[in-house]
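The next block holds one structure in the form of structure tokens; read it before the comments.
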Amino acid sequence: MSTYAQKQGFGATIWDYLTTVDHKKIAILYLIAGGFFFIVGGLEAMFIRIQLAVPNNDFVSAGLYNEILTMHGTTMIFLAAMPLIFAFMNAVMPLQIGARDVAFPFLNSLGFWLFFFGGVFLNLSWFLGGAPDAGWTSYASLSIASEGHGVDFYALGLQISGAGTLIGGINFLVTIINMRAPGMTYMRMPLFTWSTFVVSALILFAFPPLTVGLFLLIFDRMFGGNFFDHTMGGNTIIWEHMFWIFGHPEVYILILPAFGIFSEIFATFSRKRLFGYSSMVFATVLIGFLGFMVWAHHMFTTGLGPIANSIFAVATMAIAVPTGIKIFNWMFTMWGGSIKFTTPMLWAVAFIPSFVAGGVTGVMLAVAAADYQYHDTYFVVAHFHYVIVGGVVFALFAGAHFYWPKMFGTMLNEFLGKITFWLFLIGFHLTFFIQHFLGLMGMQRRIVSFLPGQGFETGNLISTVGAFFMAVATIILLINIIMTTVKNERVGNDPWGDGRTLEWALPSPPPFYNFKQLPLVRGLDAYWLEKMEGKKGMTPAEPLGDIHMPNNSFIPFVISLGLFVAAFGAMYRAETAWGIPVLIIGLLITLGSMAMRSIKDDHGYHIHKEDLMDDDDNKGVKA
Amino acid sequence: MANQQPNSENPRIDIEYRRKKSTEEMRYQIISFTLMIFLTLVAFFAVGYDGFSGWFTVPFIILLAVIQVIFQLYYFMHMSHKGHEAPALFLYSGVLVGAITLLAFLTIIWW
Amino acid sequence: MNWLAKGRLLSLFTLMALVLAGCGEPYVSTLRPAGEVAQSQFDLMVLSTVIMVGVILVVTVIFLIVITKFRRKNENEIPKQVEGSHKLEILWTVIPILLLLVLSVPTVAATFKLADVSPMDKVNEEGKTDALVVNVRANLYWWEFEYPNQEIITGQELVVPTDEKVYFNLIASDVKHSFWVPSAGGKMDTNTENVNKFYLEFDDQKANEAGNLFYGKCAELCGPSHAWMDFKVKAVSRAEFDQWVDDMQTAEEPQAETALAQQGEEIFNQSCIGCHAVTPQDGRPEQARNAPNLANFGERSRIAGILEHNEEELKNWLDDPETYKPGNKMTNTYGDLSDEQLDALTEYLMGLKVQE
Amino acid sequence: MQAEEKFTAETWPTAPERATLEGKNKFLGFWLFLGGETVLFASLFATYLALKDKVPNAEHTLAKDLFDLPLVFAATMLLLTSSLTSVYAMHHMKNFNFKKMQLWLGVTVLLGAAFLGLEIYEFNHYVHEYHHTFTSSAFGTAFYTLVGFHGGHVAFGLLWIVTLMIRNSKRGLNLYNAPKFYVASLYWHFIDVVWVFIFTVVYLMGMVG
Ligand code: HEA
Ligand code: HEA
Ligand code: CUA
Ligand SMILES: [Cu+2]
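In the order they appear, the protein sequences are chains A, B, C and D. With the working numbering applied, the first sequence corresponds to residues 321 to 943, in that order. With the working numbering applied, the second sequence corresponds to residues 46 to 156, in that order. With the working numbering applied, the third sequence corresponds to residues 3 to 358, in that order. With the working numbering applied, the fourth sequence corresponds to residues 25 to 233, in that order.
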């Protein structure tokens, strides 16, 4: 079963990826799938912007618009941003703590396949009678009333991919707690690892409410339940709470890893250690903690009453403090440093003003009484695209350029990278800055079109033009990726020259067992410390020995496939004869493959010391 | 990765001693089980007995449930043993998030 | 806010207010507040914007210094590895906290003030309130406004007196919507299971500037025609309002004057009366009132909330409501109408007026 | 390798479930999972409490008239006892006594199955005697969802433990399966923890009103 030292054909490579349990390959899978869904979500965004370019436009119909809008939000959040973040976590975090692998390689692969099948399921709705159309928030009264299967696709698809995310979160937590290399204390962990840790904890506690909420929705829509039917005693506000108890932490699940990536980039390209490391850690934890206390700021106009609104308003504002600490620490990391404006650094630098602009509008939204005006207008749309695009997407682009060599062993072209950056930056501000004013001038969000004569024309046109800049920028990035891959110029372990953390001590890409010998960590920025002492690499913490590796497995794919099949059965259960059998078959596939996993012992295999010895680090990457 | 984690147990540890320890622990388990049964009985009686008002009974039986669960966690699930710092941290975080959820649902979901 | 009332801060505020107030149309923009509620929300916006602009300025200044001064000049330079600075860190922890305190006090105050609907609950001897109360019922793409004390009902166009508080009971009859009159004040959701209450106030002078007609919107996604679930607010003086109420209360069964109108009435009574009432005192229960009341349709300013109020558009609407509001509840509830029938109905409907 | 090493009572580690890295990971990962489950059940409890006695009209049975305390008491005793028997099983696991461990696990499974039987009887009773069904009211939906989720956990737990027992019946204890047994017993205790709140919050508080 070993994939060690084999030359592979195309079919074999595919099979390898379908069965891989190697965190670095799973990272690549996440990158490809997440990147694909980003393009899909981006195309949906383009449709939105084209439709809204001029008043009374009929580029898309009203019903279709609602589907596009819902799928844009859902796809971007669940199927693009989160998986892309998971890509970097998988690729980098285990290396950063000096681990040979994650704690549960099998579950890692299961997490990916669940996400993937959930996402595919959700998107198949386009071809099977219509996508969900109740907004990414799927508020209960509308989502119950929505006809067809759109919302069923939403509920079942997110349920499946949500399970994958939860599994991923637990896996990262255990990896960080149990598998740090000797000397890698908590307070020596790089910030990206810290943010992975906090985010995984957020996932652990935020996804169960979503799971429950989705179950309630599924029960009501598909099994005659009455949770949200007020004529039967139900209450739609339950959904709103459940969704936002998940939904608010979710936005910090998106942004904290972005903060982590930027922390690494700022330190690297300023050649300075992170300013105020311990308060950065503290702020990350605090943001995560406060993230659970503020969800009702999305419900100020629901009618919770002034006491609840005031409490949640003040709690929300509090988050500005730890976030501010981070902003200033980043700027003072650069202060006195030696800044090199590489592409990743450009993204990082541009992130500061962009994100601060989005963050402060967040605080404005937290002013409950004023939010009665902002809520559900383009002001909110502007706010969250400023934080999400200006924070998360910038970080993903930065991370893609920064970690590309570590993941693939080649460098993206810096010139094209900079073009992508400038086009995207300009497009981003053009698109979203003006939306603040549109909102204040009275334009609600989620409208398929607007009537002339309200003063919305110019603003919307500008916004649409901006979106095209972003699309072109994204296309240039794709070209860059293709060119780089075709050229295939290999780079060494520390291609940026300024790497600080452990991953840069390994070849690019690292051998599948990561570390031949676990490194001894002697402080923060472990690799930098060694470099400053004139050493080439890390000092090993153990003698060379056999390495235990897990076997590849096709089971995660099959488990996820089973749920995918079962979801179709569940959905068409009521109107077709084949629904129930398919549901049962799907569940049997899943349970059967789970049983197989637990019945067949899988102890993995060993790489022998002797094989490691002739394996030269720099060309040791054959898998 | 087995070579990363040498077995920390001392193989010469006195088996008799271990047996004794473990029997002793089992005795604690039985005691906590008895207490749990007792608490359950009290709770059922408190509800069955008409003399108490709901204002007393409800907090009272919830308190009993919490005590009982603490027994479960610390004795049956060994959270009193060492090496349970991370489990405790995450379990209590879960309890906190859950408690906030419950509080919200009891106060700001009306009627 | 006395403590602000001097010095440069004030001028900053005025400047901010001016910049913002330059935006939008007076009948729809939150930046052109036309009443007490919108005004207090606007004040909060200005206050928070000033603080935020301050924050952004500080960040920008440090940012610009950093990215200009500390560029790498020499490939071999290794800067000093600074761990941090407690003094600085305390500084940027404490200052934001202070700024947020400044912001949260008026926030909480305004939140409580805007939630004060106690006059709604004060009932006089007749079992009515002295305050003006309107029951708003939101339905898929149309609005019903019931004046419980006056015992009249109207649809799509809310009529209110200026310079006094108008209290609202808000509920939805199908899915959730949200009631929003941007220039008069923030929105409030109409939930399906419970009544929400709040108040608005319309300034007389501002109403004049806006042509006495404010735009109202649905601000919660509610289906395909969410974008077109508009309504209008006619803000008139108390005297005019009283007159209107009186006319509404005394309105009788509509009399079709011309022959064409009578023909229209006939068609209407066959196909439409099951849903649409034509008198302002509709005694039917809520569930039966499943279409806008048309008693004063001839005096409206829009058809179905969005179309120009003229015969042409009315015919278009009656001919095919689906093109204008996809998914609306009127489509396909009556047979195809011929051109003559359309003419007749139009004549009849345009004649539905309560004021002379 | 270490995981398949043969042990005797003397060489068997004191904390066999955490003696290997895999075991340690499993142990911690499972505890974290339980942290998430806590939130999951808290959300279900919250939903139930928000919808308790919310019925469309006066003809529907409310919690007060519905619940049958003796039955619940019996179920509670079964589940509490099964928690103790699984403690016994782990006690023997740590003493490297495979036979006794299997025996006590078997008892646990029987008690759990009896509990499940009672629950099914109870649901059936409510449906037929009181027309209190999943679809009859929001109260009904919330009740069956919360209690049913717990019942589902019990059923899954039974399946899991039985699979473990059968799979390992010929092999005895080793460091590869010890964590599996341990984790399954943690799961079983957690089910009991949830039940303690169900009988308190749903049934007892339901009777108080
Ligand atoms: C990555 C995602 C992300 C992030 C990081 C944030 C961050 C914040 N968000 Fe945002 N938000 C969203 C994503 C995000 N949000 C989304 C998607 C929605 C809409 C969902 C929907 O309805 O579809 C939303 C909606 C939303 C609302 C509801 C609006 C409405 O619907 O009416 C509110 C209200 O309080 C809010 C507040 C905040 C606040 C206070 C922060 C804070 O965390 C920001 C903190 C940062 C700063 C403040 C800047 C840096 C700080 C300093 C430089 C220090 C000094 C600053 C001060 C003293 C102010 N957000
Ligand atoms: C991660 C989250 C995320 C991201 C990255 C984005 C990115 C963008 N969003 Fe989105 N957005 C949301 C999350 C996000 N959004 C959410 C949650 C909502 C709310 C939904 C709801 O109300 O329910 C929303 C809503 C929303 C609206 C409001 C719709 C409405 O209320 O009616 C608008 C309108 O302008 C918009 C625009 C955009 C634009 C222009 C981008 C751009 O940045 C996108 C840029 C990317 C591209 C343009 C890629 C395109 C690439 C190509 C075209 C390549 C060509 C193809 C090939 C070569 C094959 N978004
Ligand atoms: Cu009604 Cu949107
Ligand atoms: Cu939020």
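No residue lacks a Cβ here, since even glycine has one placed at the ideal position from N, Cα and C. Note that the coordinates shown come from a computational prediction; the quantities given were computed from them, not determined experimentally.
Proximal chain A residues relative to residue i, where beta-carbon distance stays under 8 Å
{"i": "Ala-166 (chain D)", "result": "Phe-547"}
{"i": "Ala-131 (chain B)", "result": "Ile-497"}
Chain D residues whose Cβ lies nearer than 9 Å to that of residue i
{"i": "Pro-528 (chain A)", "result": "Gly-60, Glu-61, Thr-62, Val-63, Leu-64, Phe-65, Ala-66 and Ser-67"}
Check whether residue i and residue j have beta carbons under 7 Å apart
{"i": "Gln-152 (chain C)", "j": "Asp-249 (chain C)", "result": "no"}
{"i": "Gly-266 (chain C)", "j": "Glu-349 (chain C)", "result": "yes"}
{"i": "Gly-477 (chain A)", "j": "Phe-432 (chain A)", "result": "no"}
{"i": "Tyr-154 (chain D)", "j": "Thr-85 (chain D)", "result": "yes"}
{"i": "Leu-844 (chain A)", "j": "Arg-508 (chain A)", "result": "yes"}
{"i": "Ala-162 (chain D)", "j": "Pro-40 (chain D)", "result": "no"}
{"i": "Phe-357 (chain A)", "j": "Thr-390 (chain A)", "result": "no"}
{"i": "Arg-420 (chain A)", "j": "Asn-871 (chain A)", "result": "no"}
{"i": "Gly-450 (chain A)", "j": "Gly-468 (chain A)", "result": "yes"}
{"i": "Leu-524 (chain A)", "j": "Ala-401 (chain A)", "result": "no"}
{"i": "Tyr-149 (chain C)", "j": "Ser-227 (chain C)", "result": "no"}
{"i": "Pro-577 (chain A)", "j": "Val-519 (chain A)", "result": "yes"}
{"i": "Tyr-706 (chain A)", "j": "Phe-632 (chain A)", "result": "no"}
Heavy atom of ligand 4 within 6 Å of residue i beta-carbon
{"i": "His-721 (chain A)", "result": "no"}
{"i": "His-156 (chain D)", "result": "no"}
{"i": "Glu-179 (chain C)", "result": "For the record, residue 179 (chain C) in the displayed sequence is His; it is not Glu. Incorrect: His-179 (chain C) has no Cβ contact closer than 6 Å to ligand 4."}
Heavy atom of ligand 1 within 6 Å of residue i beta-carbon
{"i": "Pro-98 (chain C)", "result": "yes"}
{"i": "His-617 (chain A)", "result": "yes"}
{"i": "Phe-595 (chain A)", "result": "no"}
{"i": "Leu-170 (chain D)", "result": "no"}
{"i": "Phe-704 (chain A)", "result": "yes"}
{"i": "Ile-639 (chain A)", "result": "yes"}
{"i": "Thr-751 (chain A)", "result": "no"}
{"i": "His-123 (chain B)", "result": "no"}
Extent of the continuous beta strand (DSSP E) to which residue i belongs
{"i": "Ser-180 (chain C)", "result": "179–183"}
{"i": "Leu-33 (chain C)", "result": "Element bounds for Leu-33 (chain C): n/a, residue is neither H nor E."}
{"i": "Gly-899 (chain A)", "result": "It is not in any beta strand (DSSP E) - Gly-899 (chain A) instead sits in the alpha helix (DSSP H) that spans 899–919."}
{"i": "Trp-650 (chain A)", "result": "Run containing Trp-650 (chain A): none in the beta strand (DSSP E); it sits in the alpha helix (DSSP H), 640–654."}
{"i": "Val-135 (chain C)", "result": "134–141"}
{"i": "Phe-527 (chain A)", "result": "From DSSP, Phe-527 (chain A) is part of no beta strand (DSSP E) but of the alpha helix (DSSP H) over 511–542."}
{"i": "Ile-867 (chain A)", "result": "867–869"}
Within chain D, partners of residue i - CB distance below 8 Å
{"i": "Phe-408 (chain A)", "result": "Near Phe-408 (chain A) there are no residues of chain D at all, since even the closest Cβ is about 22 Å away, more than 8 Å."}
{"i": "Thr-146 (chain B)", "result": "Val-63, Ala-66, Ser-67 and Ala-70"}
Partner residues on chain B for residue i, Cβ-Cβ distance less than 9 Å
{"i": "Ser-107 (chain D)", "result": "Phe-78, Met-81, Gln-117 and Phe-121"}
Residue i: contacting residues in chain A (beta-carbon distance under 7 Å)
{"i": "Gly-139 (chain B)", "result": "Phe-525"}
{"i": "Gly-2 (chain C)", "result": "The displayed coordinates of chain C run from 3 to 358. Any statement about residue 2 (chain C) would go beyond what the structure contains."}
{"i": "Ser-161 (chain D)", "result": "Asn-546, Met-552 and Gly-553"}
Nearest-angstrom Cβ-Cβ length linking residue i and residue j, presumed shorter than 8 Å
{"i": "Arg-369 (chain A)", "j": "Ala-787 (chain A)", "result": "4 Å"}
Interface partners of residue i on chain C, CB under 9 Å
{"i": "Ala-633 (chain A)", "result": "Ser-106, Thr-109, Val-110 and Thr-113"}
Residue i Cβ short of 6 Å to ligand 2 heavy atom set
{"i": "Gly-455 (chain A)", "result": "yes"}
{"i": "Met-790 (chain A)", "result": "yes"}
Boundaries of the alpha helix (DSSP H) in which residue i is found, first to last residue
{"i": "Ala-137 (chain D)", "result": "122–154"}
Cβ-heavy atom distance, residue i to ligand 3, below 6 Å
{"i": "Cys-224 (chain C)", "result": "yes"}
{"i": "Met-231 (chain C)", "result": "yes"}
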